[in-house]
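Visitor: If you're matching them up, the sequences are chains A and B in order. Converting from the first sequence to my numbering requires adding 1366 to each position, the first position being numbered 1. Converting from the second sequence to my numbering requires adding 1366 to each position, the first position being numbered 1. Glycine is no exception: its CB is placed at the ideal position from the N, C-alpha and C atoms. Treat the numbers as computed from the prediction; the structure is a model and nothing was measured. Quick one: structure below, then a few questions.
There are 2 protein chains.
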Amino acid sequence: MNRIITIGREFGSGGREFGRRLSEELGIAYYDQEIISEISRRTSLSEHYVQSIVEHRPVLPYPIHIGTSFYPTVNPVFEQSMTVYQEQARIISEMAMKSDCVIVGRCADYILKDCKPFRIFVYADMESKIRRCREKAPEGEKLTDKELKQQITAMDKRRAKYYEFYTGHKWGDKLNFDICINTSHTVIKEIVPVVAKLLEK
Amino acid sequence: MNRIITIGREFGSGGREFGRRLSEELGIAYYDQEIISEISRRTSLSEHYVQSIVEHRPVLPYPIHIGTSFYPTVNPVFEQSMTVYQEQARIISEMAMKSDCVIVGRCADYILKDCKPFRIFVYADMESKIRRCREKAPEGEKLTDKELKQQITAMDKRRAKYYEFYTGHKWGDKLNFDICINTSHTVIKEIVPVVAKLLEK
């Protein structure tokens, strides 16, 4: 069985950098944006649209019943979200079958649970997430700390809802991970080689 | 400043073994039961009694007011709990001043926050905690899984209340730790040398 590492992460915690560096350290594949591109290719939806779908839990259409009888209503947006999620799950499974890899986000820990992935969660305190977001912000963007905090909180809330919708589990619950790493006071490139040692065959 | 490592842990997760092995790996002091002995020596209370106090949050005596005026009532049990906690905090601070060390439990992460300890939390799923407790049970003890689960849950509930009473923080909240390690599927003596590398000077 291939060695699969999944990374869950809070927005601004450096989880993506962590995952990329870890794959480089271990010399294995790294999947992140590639998954979006592949869904887009297979479904003929734009990458931008796919990205927007995989960042939100689908909203169940109302009413789900009329009068006293229940019957399924067809809602194209809801259906499309489910199609994208199913395609994403299929692609992630294919990637995991192909070779050792690191997969960031996208409920991969849940989708690949039968492959027994090593599940990492990367998190940080708000202060350092704000600092990291500010460092990575496009030039000229001048958001206040309060605005950045609102963005970070909103993004994590979306991730939590998305994860909980598809997996039924609480997002970020440490029981769903093998190790949780707080990046508030660490330099990611310094800790990655050590964590990689936990994963060497 | 000395290198201080604090270990919070769920009951049955192997946190104590983890701490002991980590101190051996790093060649530094390890404090656990020694703290109880030292409190006992300084307060002239029996080790057994001190142990029972440090495992429970003190219960605030009622009534705290009589008629319409508030005033502090003196309750010897409550006072004694506070004295033991203060003595414990003093001893832990002294130990941290003396040399590099690993300290298990006892709100040490909070007491020593100014020393910037490396804070580890060790946890596991219920199944593996039951298995570990069964392996360590005294010979002849025949508890069912249900009884063991009740014991584990009760002990962790006590720890949570104790921690929250003295620190004001949620027990086991990953934001209060630098790394959280799930021991459900790992062999502690195999992961300790790797974690030790995170801590080598």
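Using the three-state DSSP reduction, which class does residue 1549 of chain A fall into: helix, strand or coil?
Guide: coil
Visitor: Using a Cβ-Cβ cut-off of 7 Å (strictly less than) and excluding sequence neighbours within five positions of residue 1401 of chain B, which residues of its own chain qualify?
Guide: 1454, 1457, 1458 and 1472
Visitor: According to DSSP, which residues form a beta bridge with residue 1372 of chain B?
Guide: B:1469 and B:1485
Visitor: Would you mind telling me which residues of chain B sit closer than 7 Å to residue 1564 of chain A, beta carbon to beta carbon, in chain order?
Guide: 1557 and 1560
Visitor: Whose CA, out of A:1448, A:1513, A:1527 and A:1381, lies closest to the CA of residue 1398 of chain A?
Guide: A:1381
Visitor: According to DSSP, residue 1397 of chain B sits in a beta bridge with which residue or residues?
Guide: B:1469
Visitor: Using a Cβ cut-off of 7 Å (strictly closer), state whether residue 1540 of chain B contacts chain A.
Guide: yes
Visitor: Which two residues bound the contiguous alpha helix (DSSP H) that contains residue 1519 of chain A?
Guide: 1511–1533
Visitor: Helix, strand or coil for residue 1543 of chain A? Go by DSSP, reduced to three states.
Guide: coil
Visitor: With a cut-off of 8 Å on the beta carbons, I'd call residue 1524 of chain B and residue 1514 of chain B a contact; round off their distance for me.
Guide: Rounded, the Cβ-Cβ distance is 16 Å, inconsistent with contact.
Visitor: With respect to the alpha helix (DSSP H) encompassing residue 1475 of chain B, which residues constitute its N-terminal and C-terminal limits?
Guide: 1474–1477
Visitor: Just checking: is the beta-carbon of residue 1380 of chain B within a distance shorter than 7 Å of some beta-carbon in chain A?
Guide: It does not; no Cβ of chain A falls within 7 Å.
Visitor: Short of 7 Å in beta carbon distance, which residues of its chain neighbour residue 1559 of chain A, apart from the five on each side in sequence? Order them along the chain.
Guide: Spatial neighbours of residue 1559 of chain A in its own chain (CB-CB distance under 7 Å, excluding positions within 5 residues in sequence) are listed in chain order as 1391.
Visitor: If distances are taken between C-alpha atoms only, which option among A:1413, A:1554 and A:1492 comes closest to residue 1517 of chain A?
Guide: For residue 1517 of chain A, the nearest C-alpha among the options comes from A:1492.
Visitor: Within 7 Å (strictly less), CB to CB, does residue 1496 of chain A reach chain B?
Guide: no
Visitor: Out of A:1396, A:1527, A:1547 and A:1422, which one is the CA nearest neighbour of residue 1490 of chain A?
Guide: Among A:1396, A:1527, A:1547 and A:1422, the Cα nearest to that of residue 1490 of chain A is on A:1547.
Visitor: For residue 1553 of chain A, which option in A:1503, A:1498 and A:1418 has the closest C-alpha, if you only look at C-alpha atoms?
Guide: Ranked by how close their Cα comes to the Cα of residue 1553 of chain A, the residues A:1503, A:1498 and A:1418 have A:1498 in first place.
Visitor: Is there a Cβ of chain B sitting closer than 7 Å to that of residue 1525 of chain A, yes or no?
Guide: So, not an interface residue.
Visitor: Return the CA-CA distance between residue 1442 of chain A and residue 1411 of chain A, expressed in angstroms with no decimal places.
Guide: 14 Å
Visitor: Using beta carbons (cut-off 7 Å, strictly below), is residue 1548 of chain B in contact with chain A?
Guide: yes
Visitor: Check whether the Cβ of residue 1412 of chain A lies closer than 6 Å to any heavy atom of the ligand FMN, and answer yes or no.
Guide: In terms of ligand content, the structure shown is empty, and the ligand FMN therefore cannot be addressed.
Visitor: Return the CA-CA distance between residue 1520 of chain B and residue 1419 of chain B, expressed in angstroms with no decimal places.
Guide: 16 Å
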